[in-house]
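There are 2 protein chains.
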Amino acid sequence: MNNRKENFYKAYREIHNLMEAQQVLEWDQQVMMPVKGNDQRAGSLSVLAKIAHEKMTSPSMEEVIREFESGADDDWDRANLREAKRFFDRQRKIPSALIAEKSRACAMAQSAWEKAKPASDFQAFLPSLDRVISITREIAALGNPEEPYDFLLDDYELGMTVRELDPLFESLKQRIREMVKKYSRTGSDADKVLGGTVPRDIQEKIGRFFLAEMGLDMEAGRLDVSAHPFTSGTMNDVRLTTRYREDFLPTSLFGVLHEGGHALYEQGLDPEHFRDPAGQACSLGIHESQSRFWENLIGRSRAFWGKYHPMILSETGGAFAGTTAEDFYRAVNSVRASFIRVEADEVTYNLHIILRYEIEKGLIRGEIRTADLPEIWNAKFSDLFGIEPPSHNLGVMQDVHWSVGLIGYFPTYSLGNLYSAQIARAMQKELGGLDELISAGRLTEVKNYMREKVHRHGKLFPPRDLIRMITGSPPSAEPFLEYLSCKYDPLFA
Amino acid sequence: MNNRKENFYKAYREIHNLMEAQQVLEWDQQVMMPVKGNDQRAGSLSVLAKIAHEKMTSPSMEEVIREFESGADDDWDRANLREAKRFFDRQRKIPSALIAEKSRACAMAQSAWEKAKPASDFQAFLPSLDRVISITREIAALGNPEEPYDFLLDDYELGMTVRELDPLFESLKQRIREMVKKYSRTGSDADKVLGGTVPRDIQEKIGRFFLAEMGLDMEAGRLDVSAHPFTSGTMNDVRLTTRYREDFLPTSLFGVLHEGGHALYEQGLDPEHFRDPAGQACSLGIHESQSRFWENLIGRSRAFWGKYHPMILSETGGAFAGTTAEDFYRAVNSVRASFIRVEADEVTYNLHIILRYEIEKGLIRGEIRTADLPEIWNAKFSDLFGIEPPSHNLGVMQDVHWSVGLIGYFPTYSLGNLYSAQIARAMQKELGGLDELISAGRLTEVKNYMREKVHRHGKLFPPRDLIRMITGSPPSAEPFLEYLSCKYDPLFA
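These protein sequences, in sequence, are chains A and B. What the first sequence shows, in the working numbering, is residues 715 to 1207, in sequence order. What the second sequence shows, in the working numbering, is residues 715 to 1207, in sequence order.
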């Protein structure tokens, strides 16, 4: 390895190691930390964020990158250089002090959210949330002044813009509102089928069973509990969380399948490159394609329930006595307007995203004040879904994202839905029908396909190119909408 | 606050925040991390150690300290300045690269120890242990060339030297070997009394009960499980661990009392100063005085068993049916040669420390080779205790300390024993007999005394001065030896 190359990789591995430290501290904060520890943790996270940012934007890093331009000599080198430059340029735009301030504000806001959410007390959450929004606005203003939200979007989905998303989401919105009307008739049956009581430890056992079926390596991972499920870490230390409702198994079951999809992606990165700028996951949209694939295209399929319904029946004692696989299949696919995004069905889900996208654009453009969020949320929700949240924890306060500064992030969830349907279509051309794969217990083939086609490439290709390589087409809503019609027309039309 | 003062405190709080991050990562490594995560964690810990060391020894820190010399204007300022200078001088002697190397070597050695210990496979542990020893030797050589071990001692117990410890430990060794002969007759009865089976969750419940009795704030702390019990963190995020043997309640019971004593100390520091150089715990010896006090002077007292035996009987079902408080009191105080330090009685315990002290001196002076450790351990053990460990996990491999680079640390355990007896004598003059306090359920008064006399002062005074302030005497073995005779003469002589 030449010197320029060595310096480059050494510098980035150091930054990677720092970021892994941050991730563990953030995981701990949500999963393990005693309630009074928040101020101290905010201090630690803030100093780590500051140091990482200083290292990434230092003159010596600029020099290291510049030197590497004449030292890069293979595809990975060139991709690493490209990502390093992109990241350097982006980060240098943001002053260190602002990064540290954001980190501190988010730690405080997250804690405030956790305390205020159970009581739906938006006023208690407002001051710290407003601080996060206002810092985020300052950061967004460093990008395209015409459309500050683009700077946030681009951080999660390389190259994505409002100009591209607006028409995509507008058409999705129309088609999906039609589908909601067409399919949402059988709301109340689902509760009867799914409403059996399953103790937490049994739910955990079922969750771990499916993680094993998916091929997740639990010697390189953990499953825990947190208020809002998430996955963090990478490669040999990947941690997912879920939450348990004893009266509603699907919360943990689909939660684990979803986070398990994220976790498989992290374990499937290239072990030689996962610490390098281009070795990490391609984009959040691609990441979400993996989680939504396992949650929906696998977990909400007829074949899945045909195969696993007997196991679930026997593990849960009499909780679901008298139900059939088909009952479950219909119940977990019932379509109806509901308040909680993470528990929404596949059809209405994207409306939840579009709601947040429209609000975030307004917040960042300065058209919406933080204090007005509850009112605006409820009005827009009512317009989209025809119902209004009875309390803020079923409305504007339901997600952790804003409190931790993730603004511009929600749209990647819908992009993930679109990508997952595109990738599934390509996969089935190669491996045969998904239903057959599931019924035959060939889930590791599915995992291996994803590893081969998606995971191991990291950011070697931008998301748009990766999707085109796998599917032969650019990102598109058509396979997703077709997947929905093919699934729901025979069910409920 | 003047500028010089502000710069000083800001710089040190940043370092403190970094060190808290390191502590959480280390705790996680021992308590939560998936087994395959070790390499990645070693990378994170290594970069954090490097950054903290760079910050502590930078020219700008030297400038900050120098400037503060004319900005310090109260007792805390002056103590903070003194500690900062001492630490700066010590750290600057150690090259950054050596610190990072040590951190990485320790992460690897700890992992190797964890894997090799169950099989007593010293050869598997040897290469990584030898690396730690050899780096520690390099570090020790930066201090007093006549007695390199002093540089390690001083890190844990300010100002302590081999010259002072040698005679102290030599006299302890003689007196204690006499006591062992005099008292150790009733070994086998203890197993009969203490050997009932208590499920882990009941043991945990009992442990949490005692932490509450001691006055530990569990909203600012956690209790978990690890291979070797320890306490980490400070103030509002203090975490202790224990381990459970279902066939031997005392392992977790005394473990929790011991670590609970450490945890109370950390929660009792001055909230205004705990992030500053002099605001942290005085020394490891003083720290250990707190843990040993709760474990032994409280937990192994007749009054403790008189008060809590009924609760333990009722919580543990029939496990200890037919036993009396006095049976327990005698059983938990039985004196006999045994292999495991952390389970040793109060009398033999110090021999375990003296063994390690003598070996460490030899390792650091280069008189003992790492490869010869098993042989030397067994020979010395046999000489001191009259028995030889049947396997290395009951011998040279039992402690985590060497694998994590804690060399020069063991002597503080015996100093803690001496200090605890000195402090107890002073406390009883003020609050009345310890037996009365325990019987009357007045443990929070004991906690408050410790908080007032020990915890809140941090490093405001060096350990020797603190002990003199509290007890009117310098550190001394006499109160401890007297405590032992008064307790054991009526029991077993």
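C-beta atoms are modelled at their ideal positions from N, C-alpha and C, and glycine is treated no differently. Nothing here was measured: the structure is a model prediction, and the numbers come from that model.
Roughly how many angstroms separate the alpha carbons of A/A1093 and A/P862, rounded to a whole number?
The residue you call residue 1093 of chain A lines up with position 379 of the first sequence. The residue you call residue 862 of chain A lines up with position 148 of the first sequence. About 25 angstroms.
Going along the chain, which unbroken runs of the alpha helix (DSSP H) with 4 or more residues stay wholly within the region 725 to 810 of chain B?
Counting only runs of 4 or more, we get 752 to 771, 773 to 782, 789 to 807.
Could you compute how far the alpha carbon of B/D869 sits from the alpha carbon of B/R1083?
Residue 869 of chain B sits at position 155 when you count from the first residue of the second sequence. Residue 1083 of chain B sits at position 369 when you count from the first residue of the second sequence. If I take the Cα positions, the gap works out to 23 angstroms.
Could you please give the first and the last residue of the uninterrupted beta strand (DSSP E) stretch that includes A/T850?
Taking the first residue of the first sequence as 1, we reach residue 850 of chain A at position 136. Note, A/T850: premise wrong, no beta strand (DSSP E); alpha helix (DSSP H) at 836 to 854.
So which residues on chain B does A/G935 lean against when the C-beta distance must stay under 7 angstroms?
Within the first sequence, the letter at position 221 stands for residue 935 of chain A. Within chain B, the residues near A/G935 are P748.
Under the rule that 16 or more other beta-carbon atoms within 10 Å means buried, what is B/V1110, buried or exposed?
Taking the first residue of the second sequence as 1, we reach residue 1110 of chain B at position 396. Under this definition B/V1110 is a buried residue.
Can B/S758 and A/N950 be called in contact, C-beta distance under 8 angstroms?
Sequence index remark: in the second sequence, residue 758 of chain B carries index 44 (1-based). Sequence index remark: in the first sequence, residue 950 of chain A carries index 236 (1-based). Result no, Cβ atoms of B/S758 and A/N950 do not sit closer than 8 angstroms.
Where do the N-terminal and C-terminal ends of the beta strand (DSSP E) with A/S946 fall, by residue?
As a working mapping, residue 946 of chain A is identified with position 232 in the first sequence. Start and end: 945 to 948.
Thinking C-alpha only, which one of A/D1097, A/R818, A/G1122, A/L1087 is nearest A/H754?
The residue labelled residue 754 of chain A in the question sits at position 40 within the first sequence. Sequence inspection shows Gln at residue 754 of chain A; the His mentioned does not correspond to that position. That would be A/R818, whose Cα lies nearest to the Cα of A/Q754.
Determine whether the Cβ of A/M770 lies closer than 8 angstroms to any Cβ atom of chain B.
For the purposes of this step, residue 770 of chain A is identified with residue 56 of the first sequence, where counting begins at 1. False, the Cβ-Cβ gap to chain B never drops below 8 angstroms.
With the cut-off set at 8 angstroms, would you say B/S842 and B/A823 are in Cβ contact?
Translated into the one-based positions of the second sequence, residue 842 of chain B becomes position 128. Translated into the one-based positions of the second sequence, residue 823 of chain B becomes position 109. Yes. Within cutoff.
Say whether chain B places a C-beta atom closer than 8 angstroms to the C-beta of A/Q754.
As a working mapping, residue 754 of chain A is identified with position 40 in the first sequence. Yes, its Cβ sits closer than 8 angstroms to a Cβ of chain B.
Does the Cβ of B/L867 lie closer than 7 angstroms to at least one heavy atom of the ligand MN?
By its list of ligands, the structure shown contains no ligand whatsoever, and the ligand MN lies outside what it can speak to.
Within 10 angstroms of its Cβ, does A/E709 collect 16 or more other Cβ (buried), or is it exposed?
Beyond the ends of chain A as shown, which are 715 and 1207, falls residue 709 of chain A; an answer cannot be given.
Can you give the beta carbon distance from A/S939 to A/T955, rounded, assuming they're within the 8 angstroms contact cut?
Taking the first residue of the first sequence as position 1, residue 939 of chain A is located at position 225. Taking the first residue of the first sequence as position 1, residue 955 of chain A is located at position 241. The question names Ser, but residue 939 of chain A in the sequence shown is Val. Going by Cβ atoms, the distance from A/V939 to A/T955 rounds to 6 angstroms, so yes, they are a contact pair.
The alpha helix (DSSP H) that contains B/D938, what's its start and end?
For the purposes of this step, residue 938 of chain B is taken as residue 224 along the second sequence, with counting starting at 1. Careful: B/D938 lies outside any alpha helix (DSSP H), inside the beta strand (DSSP E) at 935 to 939.
Ignore the nearest five residues each way along the sequence and tell me which others in A/V912's own chain have a CB closer than 7 angstroms to its CB.
Taking the first sequence and counting its residues from 1, the one referred to as residue 912 of chain A is at position 198. Excluding positions up to five away in sequence, the list reads E960, L963, T1030, A1033.
Within its chain, find whatever has a CB closer than 6 angstroms to the CB of B/D844; leave out the 5 residues flanking it on each side and keep chain order.
On the second sequence, residue 844 of chain B is found 130 positions in, with the first residue counted as 1. T1084.
What residue does the alpha helix (DSSP H) around B/T1062 start on, and which one ends it?
Along the second sequence, one-based indexing puts residue 1062 of chain B at 348. That run of the alpha helix (DSSP H) goes 1060 to 1079.
Do you know how far the Cα of A/Q736 is from the Cα of B/Q743?
Taking the second sequence and counting its residues from 1, one reaches residue 743 of chain B at position 29. Taking the first sequence and counting its residues from 1, one reaches residue 736 of chain A at position 22. Cα-Cα distance, rounded: 14 angstroms.
Per DSSP, what kind of secondary structure is B/V1212 in: helix, strand or coil?
There is simply no residue 1212 of chain B to check, as chain B begins at 715 and stops at 1207 in what is shown.
Measuring straight from C-alpha to C-alpha, what distance separates B/G921 and B/E1150?
Here residue 921 of chain B is taken as the residue at index 207 of the second sequence, counted from 1. Here residue 1150 of chain B is taken as the residue at index 436 of the second sequence, counted from 1. C-alpha separation (whole angstroms): 22 angstroms.
Am I right that B/V1049 and B/F1206 are in contact with their C-beta atoms under 8 angstroms? What's the rounded C-beta distance?
Start at 1 with the first residue of the second sequence, and residue 1049 of chain B comes out as number 335. Start at 1 with the first residue of the second sequence, and residue 1206 of chain B comes out as number 492. Right, their Cβ atoms sit about 7 angstroms apart.
If distances are taken between C-alpha atoms only, which option among A/S1028, A/P1193, A/P1024, A/A1045 comes closest to A/R1014?
For the purposes of this step, residue 1014 of chain A is identified with residue 300 of the first sequence, where counting begins at 1. Checking every option, the nearest Cα to that of A/R1014 belongs to A/A1045.
A/L762 versus chain B: which residues are under 7 angstroms apart at the beta carbon?
By one-based count along the first sequence, residue 762 of chain A stands at place 48. Correct list: A735.
Tell me, to the nearest whole angstrom, how far the beta carbon of A/V1061 is from that of A/I890; I am working on the premise that it is less than 8 angstroms.
Sequence index remark: in the first sequence, residue 1061 of chain A carries index 347 (1-based). Sequence index remark: in the first sequence, residue 890 of chain A carries index 176 (1-based). Contact flag correct, Cβ pair sits at about 6 angstroms.
Roughly how far, in whole angstroms, is the beta-carbon of B/I813 from the beta-carbon of B/A763, given that I think they are within contact range, below 8 angstroms?
Reading the second sequence from its first residue, position 99 is the one you call residue 813 of chain B. Reading the second sequence from its first residue, position 49 is the one you call residue 763 of chain B. So it is a contact: roughly 5 angstroms between Cβ atoms.
Which partner residues does A/D951 have in the DSSP bridge list?
Residue mapping note: residue 951 of chain A aligns to position 237 of the first sequence, counting from 1. Its beta-bridge partners are A/T948.
Answer yes or no: do B/E1102 and B/F1095 have a C-beta to C-beta separation smaller than 8 angstroms?
On the second sequence, residue 1102 of chain B is found 388 positions in, with the first residue counted as 1. On the second sequence, residue 1095 of chain B is found 381 positions in, with the first residue counted as 1. It is a contact, given that the beta carbons lie within the stated cut-off.
How about A/S1128 and A/I1067: are their beta carbons less than 8 angstroms apart?
For the purposes of this step, residue 1128 of chain A is taken as the residue at position 414 of the first sequence. For the purposes of this step, residue 1067 of chain A is taken as the residue at position 353 of the first sequence. Contact flag set, yes.
Buried or exposed for B/G1100, please, with buried defined as at least 16 other CB atoms from any protein chain shown within 10 angstroms of its CB.
Indexing the second sequence from 1 puts residue 1100 of chain B at position 386. Under this definition B/G1100 is an exposed residue.
Which same chain residues end up closer than 7 angstroms to B/D984 when comparing Cβ atoms and leaving out the 5 residues on each side of it in sequence?
The sequence position of residue 984 of chain B within the second sequence is 270, counting from 1. So the list reads G993, R1170, G1172, once near-sequence residues are dropped.
Residues of the region 935 to 953 of chain A in Cβ contact with chain B at a cutoff of 7 angstroms, in chain order, please.
Per Cβ criterion, the list reads G935, R936, M949, N950, D951.
Which first and last residues belong to the alpha helix (DSSP H) in which B/C996 is found?
The sequence position of residue 996 of chain B within the second sequence is 282, counting from 1. Run containing B/C996: none; DSSP gives neither H nor E here.
What's the gap between the Cα of A/A926 and the Cα of B/L1087?
Here residue 926 of chain A refers to the residue found at position 212 of the first sequence. Here residue 1087 of chain B refers to the residue found at position 373 of the second sequence. Taking the straight line joining both Cα atoms gives about 43 angstroms.
Tell me, please, which residues DSSP counts as bridged to B/T956.
Here residue 956 of chain B corresponds to residue number 242 of the second sequence, with the count starting at 1. Answer is B/V939, bridged to B/T956.
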